[in-house]
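In this note's numbering, the protein residues as written are 76 to 366. Glycine included, every Cβ here is placed at the ideal spot set by N, Cα and C. For clarity, every value in this text was computed on a predicted model and none was experimentally measured. Only one structure is covered here, and it is reproduced in the block below.
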């Protein structure tokens, strides 16, 4: 069987164009969307990623403010900065970039991001709203998976979908997004036991566990769609996912590559979310003035 590669690059360009168009529309109204990325690390790969967001934002007509607090920033300083950015009218979207300094609890900090500016769905309020179907921004990586499925016309309604990983960043919100699309969702994790018990009967398998080679050809049925969310850096600096791509090829009907799959779409969605947040905040100001 030939395995189709589900590249995210063209989809990312389409989403970036949507963000650009919305940003241009807002600019005609005197508003330029602004994204603030809060950084507190000297990790080279993280800083490279932040710079890539900055470049993509500028090309989309979105201001990107990098708030670098240094690798020794305290939780108190981070909390104060997040509160200030949430209250600043000129800032439309906020990302708290990980990793954070040792001893700093990200879960305790993301609650300081205003939900209307929480463009990566980090605040627990955002996840709660997502769970009950209220307006909120889903984590961009989770939404990237559903965008890829939609883009390539891969149906999930009535189909068995297995999500490997239960993080609040991908696994949990993704399961909610898939349920909204009428999929039958099974979430596997470190206590699930042998993965093949679940994945061998799945129509779609999404792997988001952060473990190199976790899923191989023996785990899936012929023709299954495999979405690899993993990003693991090897000792030589190369990037691989959670899927043993060589063993899956020829068995899976379709597979997202790493790099060039989910990650590129995620970055584009962060920009689109920022533009959408700016639009909604502008409307809220108009409603407030009218009221």
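Beta bridge pairing from DSSP links residue 140 with 111.
By the neighbour-count definition (other C-beta atoms within 10 Å, threshold 16), residue 80 is an exposed residue. Residue burial is scored here from C-beta neighbours: residue 349 has at least 16 other C-beta atoms within 10 angstroms and is therefore classed as buried.
Separation of residue 356 and residue 242 (C-alpha to C-alpha, rounded to the nearest whole angstrom) is 29 Å. Its chain contains 114 as the residues whose beta carbon lies nearer than 7 Å to that of residue 143, once the 5 sequence neighbours on both sides are disregarded; these appear in chain order. Between the segment 203 to 210 and the segment 173 to 188 there are fewer than three inter-stretch CB-CB distances shorter than 8 Å, so the stretches are not counted as touching.
Annotated three-state conformation of residue 168 is strand, per DSSP.
With respect to the C-alpha of residue 131, the residue from 161, 90, 103 and 148 having the closest C-alpha is 90. The same chain holds no residue with a CB closer than 6 Å to that of residue 293 once the five nearest residues on each side in sequence are set aside. The alpha-carbon separation between residue 150 and residue 289 amounts to approximately 34 Å.
Here residue 307 carries a strand assignment [DSSP, helix/strand/coil].
In this chain, residue 188 is not harboured by any beta strand (DSSP E), its DSSP state being neither H nor E. In the structure shown, residue 326 adopts coil according to DSSP, grouped into three states. Here the alpha carbon of residue 163 sits roughly 14 Å from the alpha carbon of residue 170. Excluding five sequence positions before and after residue 258, the CB atoms of its chain that fall closer than 7 Å to its own CB belong to 231, 232, 234 and 236, given in chain order. In this structure, the alpha-carbon of residue 328 lies about 8 Å from that of residue 301. In the displayed model, residue 149 falls within coil according to three-state DSSP, outside both helix and strand.
Annotated three-state conformation of residue 231 is coil, per DSSP.
Restricted to the segment 195 to 245, the alpha helix (DSSP H) segments that are unbroken, complete and at least 4 residues in length are 199 to 206 and 215 to 226, listed in chain order.
Secondary structure of residue 121 (DSSP, three-state): helix.
Annotation: residue 259 is outside any alpha helix (DSSP H); the continuous beta strand (DSSP E) that includes it extends over 259 to 263. Taken atom to atom, the span from the alpha-carbon of residue 180 to that of residue 152 is near 12 Å.
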